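Worksheet for the structure shown next.
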Amino acid sequence: MLDLNEVTETVTILTTKHKRKHDLLSCFVSLDTETSKHIEYNDAGKVSEVYGWVYLYGLEFGGAYTEGRTPSQLLDDLERIRDTYGCTEEGTHLVVYVHNLSFDIQYIKDF
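All the letters of the sequence shown, read from the start, carry residue numbers 332 to 442 under our numbering.
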């Protein structure tokens, strides 16, 4: 379980596109997942199905680190941060950096 440190600071930024102010938590999440896939071939040697899954993630936030094994555990950790620090779509935002997002999103986009 993620041991959350006390993060009280926010930073206000002004976006140039929409000229809106956004409050960001002063800490951000660094996230990395490890994924795997299994490919099944039909009798003609063509790919019939591809299964992919997340089998491990590591998450760092404000000096606290946790890891987990399932997408639901990852969501639980992110929701704890959201709920603890009052992150909302219209209020304070949390920045999440994901290593290899373009690859990993293929496994987690439908979850």
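Beta carbons are placed, not taken as given, at the ideal position from N, Cα and C, and that holds for glycine. Just so you know, these numbers come straight off a predicted model, no measurement behind them.
Item, Value
"The alpha helix (DSSP H) that contains S403, what's its start and end?", "P402 to Y416"
"Tell me where the beta strand (DSSP E) around D363 begins and ends.", "V360 to Y372"
"Alpha carbon to alpha carbon, how far is H430 from E398? Give it in angstroms, no decimals.", "15 angstroms"
"Restricting to Cα atoms, I'd like to know which of F359, K350 and K348 is closest to H424.", "F359"
"Taking E420 as the reference, give the member of L355, V342 and K348 with the closest Cα.", "L355"
"Buried or exposed, going by whether 16 or more other CB atoms sit within 10 Å of the CB of T364?", "buried"
"L355 lies in the beta strand (DSSP E); which residues open and close that run?", "K352 to L356"
"Spell out whether any CB of chain B is found under 7 angstroms from the CB atom of E398.", "Absent here is chain B; the protein component of the structure consists of one chain."
"Report the three-state DSSP secondary structure of L432 (helix, strand or coil).", "helix"
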